[in-house]
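In terms of the numbering used here, the sequence shown opens at residue 284 and continues consecutively. C-beta: ideal position from N, C-alpha, C; glycine also. Here the structure is a predicted model, which is why all the values come from computation and not from measurement.
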Amino acid sequence: MFNFNLKNSQVGIVNLIYNLKILSMSVLKNLRTYLYIIIFPIVVVTFIIFYKVSATSTTINPTTVTAILLIQPFTIIFLVNITISEWKNSVFLKRIHSAGISKINFLSSIFIFNFILGYVSFVLCSIYVFLITGSFFTTSNGGFWKILLDTMTTKEVFGILLSAAFLIVTSILLGTIISGIIKSVALSQTITAIYVIVAITFSDIIMPPEIFAIQPTLIKISYLFPYKHNVWAGLLLVADNSGKWIYNGASMGRLTTSFAMKEWIPILTSILWSILLSTSSIFVFKWDGK
Numbered sequence: 284m285f286n287f288n289l290k291n292s293q294v295g296i297v298n299l300i301y302n303l304k305i306l307s308m309s310v311l312k313n314l315r316t317y318l319y320i321i322i323f324p325i326v327v328v329t330f331i332i333f334y335k336v337s338a339t340s341t342t343i344n345p346t347t348v349t350a351i352l353l354i355q356p357f358t359i360i361f362l363v364n365i366t367i368s369e370w371k372n373s374v375f376l377k378r379i380h381s382a383g384i385s386k387i388n389f390l391s392s393i394f395i396f397n398f399i400l401g402y403v404s405f406v407l408c409s410i411y412v413f414l415i416t417g418s419f420f421t422t423s424n425g426g427f428w429k430i431l432l433d434t435m436t437t438k439e440v441f442g443i444l445l446s447a448a449f450l451i452v453t454s455i456l457l458g459t460i461i462s463g464i465i466k467s468v469a470l471s472q473t474i475t476a477i478y479v480i481v482a483i484t485f486s487d488i489i490m491p492p493e494i495f496a497i498q499p500t501l502i503k504i505s506y507l508f509p510y511k512h513n514v515w516a517g518l519l520l521v522a523d524n525s526g527k528w529i530y531n532g533a534s535m536g537r538l539t540t541s542f543a544m545k546e547w548i549p550i551l552t553s554i555l556w557s558i559l560l561s562t563s564s565i566f567v568f569k570w571d572g573k
């Protein structure tokens, strides 16, 4: 029995490696991949930097840095979504299925490949953010790179990295779920775009958090979006529970604070969301578009 299980494990690892090779050959040679994970997020981030740093007098603090850095992981959902949608309408997935690859094994391959790809693109986009703000923008307290070096602790850097990891995981799983439910590639991408726009809005990553915090109902609605939990895991760790940083100095007495300003809550709920989305992705995934 032990040898049989060991052989099955070995076969599973071999299949996983084989799937990763196929995925890399299919995805990395497509120029569209780099549009989604590098070019598009850089354009969006550049626009937001100009708005926050150049066009307004918004004070740059670690949570401002965090919010801008965490925009890139949202874009992974588009790549996952369109890739799986197109595969379902071709013979690619049918061949994978006929080769005896299990659903869980293949989905694990998709997850691992896109997580690595997403994190690499996050690092590259972060480097770009620090370079452009350090080179072209001067503010009363320096560029983003200066804030990172002068004010951010190990805990705060960990908060950004953890939050990015949660966001990438959520993007991969949601992209898998949406492409699994909807047959049409165009409709799937449209719904994904609408969802991401609404999710970003409710996640306090672009809009100032104090705007929604005035309305308790909006805070409750925002909890329905897993991205909100992912973002706040980073914001609270970076802010070190400082409401002044997160809410830009607004009067705390007028606000309904998210997650009761406790660091462990969004971390726990992000993990729970990941488990829920993982289970859902397995059930909705199909080998073809029928």
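Query raised in the report: Within 10 angstroms of its Cβ, does Asp487 collect 16 or more other Cβ (buried), or is it exposed?
Result: Counting Cβ neighbours within 10 Å, Asp487 comes out buried, since at least 16 surround it.
Requested in this report: Reducing DSSP to helix, strand and coil, say where Trp556 ends up.
Outcome: helix
Report task. Assuming Ser454 contacts Ile321 (C-beta within less than 8 Å), just tell me the rounded distance between them. Result -> Between Ser454 and Ile321 a beta carbon distance of about 15 Å is seen, past the 8 Å cut, so the two are scored as non-contacting.
Query raised in the report: Does the region 303-312 come within contact of the region 494-510, defined as at least 3 CB pairs closer than 8 Å?
Result: no
Report task. Please classify Pro499: is it buried, with 16 or more other beta-carbons within 10 angstroms of its beta-carbon, or exposed? Result -> exposed
Query raised in the report: Are Val412 and Leu352 closer than 8 Å when you measure CB to CB?
Result: At a Cβ-Cβ threshold of 8 Å, Val412 and Leu352 count as neighbours.
Requested in this report: With Arg537 as the anchor, note down where its alpha helix (DSSP H) starts and where it stops.
Outcome: Where Arg537 is concerned, there is no enclosing alpha helix (DSSP H), given that its DSSP letter is neither H nor E.
**Report entry** Reference Leu507; option with closest CA among Ala516, Phe485, Thr366
**Finding:** Phe485
Query - Validate contact between the region 507-517 and the region 376-390 using beta carbons, cut 8 Å, 3 pairs - result: In short, these stretches do not touch, since the Cβ pair count stays below three.
Query raised in the report: What do you reckon, are the CB atoms on Gly401 and Leu445 nearer than 8 Å?
Result: no
Report task. Mind reading off the beta-carbon distance from Pro549 to Trp515? Whole number of angstroms is fine, and I expect it under 8 Å. Result -> 4 Å
Query raised in the report: For the alpha helix (DSSP H) that Gln498 lies in, which residues bound it at each end?
Result: It is not in any alpha helix (DSSP H) - Gln498 carries neither H nor E in the DSSP assignment.
**Report entry** Cβ neighbours of Trp370 in the same chain (closer than 6 Å, five flanking residues each side left out)
**Finding:** Leu376
Query raised in the report: Taking the C-alpha atoms as reference points, what is the distance between Val374 and Ser368?
Result: 12 Å
Report task. Taking the CB atoms as reference points, tell me whether Tyr319 and Phe361 lie closer together than 8 Å. Result -> yes
Query raised in the report: How would you write the range of the alpha helix (DSSP H) that Phe323 sits in, first residue to last?
Result: 323-332
Query - For Gln355, the first and last residue of its enclosing alpha helix (DSSP H) - result: For Gln355, there is no enclosing alpha helix (DSSP H), as DSSP marks it with neither H nor E.
Requested in this report: Specify the secondary structure class of Ala314 as computed by DSSP and reduced to three states.
Outcome: Just to set this straight, residue 314 is Leu in the shown sequence, not Ala. The answer is helix: DSSP assigns Leu314 an H, G or I state.
Query raised in the report: My guess is that Met544 and Gly526 are in contact by the Cβ rule of under 8 Å, so how many angstroms apart are they, rounded?
Result: 6 Å
Query raised in the report: What is the DSSP secondary structure of Pro345, counted as helix, strand or coil?
Result: helix
Query - Span separating the alpha-carbon of Lys304 from that of Ser557 - result: 25 Å
**Report entry** Alpha-carbon to alpha-carbon, Ser541 and Pro356
**Finding:** 21 Å
Requested in this report: Identify whether Gly458 lies in helix, strand or coil by the three-state DSSP scheme.
Outcome: helix
Query raised in the report: Quick one: what's got a C-beta closer than 7 Å to Leu457's C-beta in the same chain, skipping five residues either side?
Result: Ile360, Leu560
**Report entry** Reference Val348; option with closest CA among Ile365, Thr329, Ala469
**Finding:** Thr329
Query raised in the report: Closest to Phe566 by CA distance: which of Arg537, Val326, Leu520, Leu390 is it?
Result: Leu390
Query raised in the report: Mapping DSSP to helix, strand and coil, what is Val530?
Result: This sequence places Tyr at residue 530; Val is not what is there. Residue state, collapsed to three classes: coil.
**Report entry** Through-space distance from Ile387 to Ile460, alpha-carbon basis
**Finding:** 14 Å
Query raised in the report: Given a threshold of 16 other Cβ atoms within 10 Å of its Cβ, counted over all protein chains shown, does Ile332 qualify as buried or as exposed?
Result: buried
Query - For Ser553, the nearest candidate out of Pro345, Leu450, Pro324, Phe323 (CA to CA) - result: Leu450
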